[in-house]
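Numbering (my numbering), first residue to last: 677 to 942.
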């Protein structure tokens with residue numbers, strides 16, 4: 677996979693990719709933990725968590741190497757992840773302003789869950805990651821034609837938003853604003869469990885930050901594939917290639933990422 681590489685003697689934590697996450701909430705602190713864990717495990721050199729309260733405490737308890745705080749200072753951010761574990765209905769005006777500032781910046785942004793309503797018409801290169809229900813609501817907001825097959829619908833959404841759209845599912849579709857559509861079906865049914873979308877968002881942030889010159893849609897497809905392969909390892913079906921495997925939880929997928937990366941680099 678060209679989006680993964682072995683660090684050389686010339687690399688440092690910045691060249692390996694800096695990911696900043698503004699995710700999680702008092703109600704859903706676990707989303708922040710899962711996204712941060714996945715960003716580290718997918719190979720990021722530096723991970724910032726921009727938040728406070730229960731979510732920040734949980735992140736530091738799990739991953740003490742993460743730098744936390746609401747002020748990122750002069751940190752060179754290669755990619756942002758926003759929205760996981762948040763609810764737009766409970767968003768403050770200050771939080772909305774902070775998210776819009778990120779979306780009007782230069783660094784690419786992975787937009788998930790509670791920030792999807794802010795997607796579209798922003799300056800930053802944007803990758804949005806809805807599941808089926810979120811995508812249906814997004815189409816309603818765009819007043820877009822929902823008819824047609826899944827691929828043509830996601831392509832219309834990408835064009836309308838001028839963003840890359842990754843529609844999650846057993847077959848994940850990634851559409852660019854140019855009308856191109858990629859398909860990834862590398863996972864396992866055991867992946868349909870709470871929190872795995874937060875893990876995917878962290879993986880995407882890590883790969884986007886590490887591959888600044890790559891096409892965003894192709895990086896997204898690589899991240900979706902890696903997510904599915906790690907899930908197969910976690911469920912015990914990847915290396916055997918057969919069998920039913922076993923139940924997993926989202927953290928299992930994040931923890932399987934190093935083994936998945938090692939397999940792909942070998």
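In this text, a Cβ means the ideal position worked out from N, Cα and C, and glycines have one as well.
Is residue 725 helix, strand or coil by DSSP?
strand
What does a CB cutoff of less than 6 Å around residue 818 pick up in its chain, not counting 5 residues either side in sequence?
836
If we ignore side chains and look at the alpha-carbon of each, how far apart do residue 889 and residue 880 end up?
Spanning the two alpha carbons is a distance of roughly 15 Å.
Out of 706, 791, 711, 700, point me to the one whose CA is closest to residue 883's CA.
For residue 883, the nearest C-alpha among the options comes from 711.
Grab me the residues of residue 887's own chain with a C-beta within less than 6 Å of its C-beta, minus the 5 sequence neighbours each way, in chain order.
679, 895
DSSP three-state call for residue 879: helix, strand or coil?
helix
CB-CB under 6 Å to residue 718, same chain, minus the five flanking residues each way: which ones, in chain order?
879, 882, 933
May I have the straight-line CA-CA distance separating residue 707 from residue 871, to the nearest angstrom?
Residue 707 and residue 871: Cα-Cα distance of roughly 7 Å.
Which whole-angstrom value is the C-beta distance of residue 764 and residue 797, which I expect to be below 8 Å?
Actually they do not touch by this definition, with Cβ atoms about 16 Å apart.
Can you tell me which of 757, 863, 736 puts its alpha carbon nearest to the alpha carbon of residue 912?
863
How should residue 735 be labelled, buried or exposed, when 16 other C-beta atoms within 10 angstroms of its C-beta is the threshold for buried?
buried
Would the beta-carbon of residue 699 fall within 8 Å of that of residue 781?
no
Consult DSSP for residue 851 and reduce its assignment to one of helix, strand or coil.
strand
Which parts of the segment 713 to 763 are runs of the alpha helix (DSSP H), unbroken and 4 residues or longer, counting only runs that do not cross its ends?
Qualifying alpha helix (DSSP H) stretches, in chain order: 729 to 738.
With distances taken between CB atoms, is the gap from residue 716 to residue 739 smaller than 8 Å?
Result yes, Cβ atoms of residue 716 and residue 739 sit closer than 8 Å.
Contact check, residue 834 vs residue 851 under 8 Å by CB: the rounded distance?
4 Å
Per the DSSP calculation, residue 804 is bridged to which residue(s)?
787, 841
Which same chain residues, not among the five before or five after residue 795, have their C-beta less than 7 Å away from its C-beta?
787, 802, 804, 837, 839
Tell me the DSSP bridge mates of residue 695?
Partner(s): 723, 755.
Which class does residue 680 belong to by DSSP, given the choice of helix, strand or coil?
coil
So what does DSSP say about residue 857, is it helix, strand or coil?
strand
Output the boundary residues of the alpha helix (DSSP H) element that contains residue 899.
That run of the alpha helix (DSSP H) goes 892 to 911.
Under the rule that 16 or more other beta-carbon atoms within 10 Å means buried, what is residue 682, buried or exposed?
Residue 682 is classed as exposed because its beta carbon has fewer than 16 other beta carbons within 10 Å across all chains shown.
Reducing DSSP to helix, strand and coil, say where residue 705 ends up.
helix
Could you check where the alpha helix (DSSP H) with residue 773 kicks off and where it finishes?
769 to 779
Which residue wins for smallest C-alpha separation from residue 946, given the options 832, 893, 937, 891?
Coverage of the chain is limited to positions 677 through 942, which leaves residue 946 absent and any answer about it impossible.
Does the beta-carbon distance from residue 885 to residue 693 come in below 8 Å?
In this structure, residue 693 lies closer than 8 Å to residue 885 by Cβ.
The alpha helix (DSSP H) spanning residue 925 covers which residue range?
From DSSP, residue 925 is part of no alpha helix (DSSP H); its letter is neither H nor E.
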